[in-house]
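Colleague: Next up is a structure, given as structure tokens.
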Amino acid sequence: MCTASSEQAGDGVKISGTEVQQQLREIVRRRNKIAHEYDEDPDNAPKKRPIDAAATTQTIDCIEQLAGALVAALDQE
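Numbers 77 to 153, taken from the numbering used here, label the letters of the sequence shown in order.
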């Protein structure tokens, strides 16, 4: 997911708006599969798609980075 945060977050790494949108689409897509499709693996029904703690933690970190960047951007106004 998020491999970098915004410059506003203070780490000096820039990430484009397009990259942020793509990452958020992936997060929402997976969330919707979990919530609305029972996260069923289409190649191995009725089993669920694989998910692990590392991927989950990475998604949480990405959302936290985005939230921090939004707060920083709003504080500059």
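Positions of the beta carbon are idealized from the N, C-alpha and C atoms, including for glycine.
Quantities reported herein were computed from a predicted structural model and do not represent experimental measurements.
1) Which residue from 99, 110, 152, 131 puts its Cα closest to that of residue 123?
2) Could you pull the start and end residues of the alpha helix (DSSP H) that residue 141 belongs to?
3) Kindly indicate the opening and closing residues of the alpha helix (DSSP H) around residue 110.
4) What does the Cβ neighbour count give for residue 146, buried or exposed, with the cut at 16 atoms within 10 Å?
5) With which residues is residue 124 paired in a DSSP beta bridge?
6) CA-CA distance, residue 101 and residue 152?
Modeller: Well, looking at it:
1) Answer by Cα proximity: 110.
2) 129-151
3) Per DSSP, residue 110 belongs to the alpha helix (DSSP H) from 93-112.
4) exposed
5) 116
6) 26 Å
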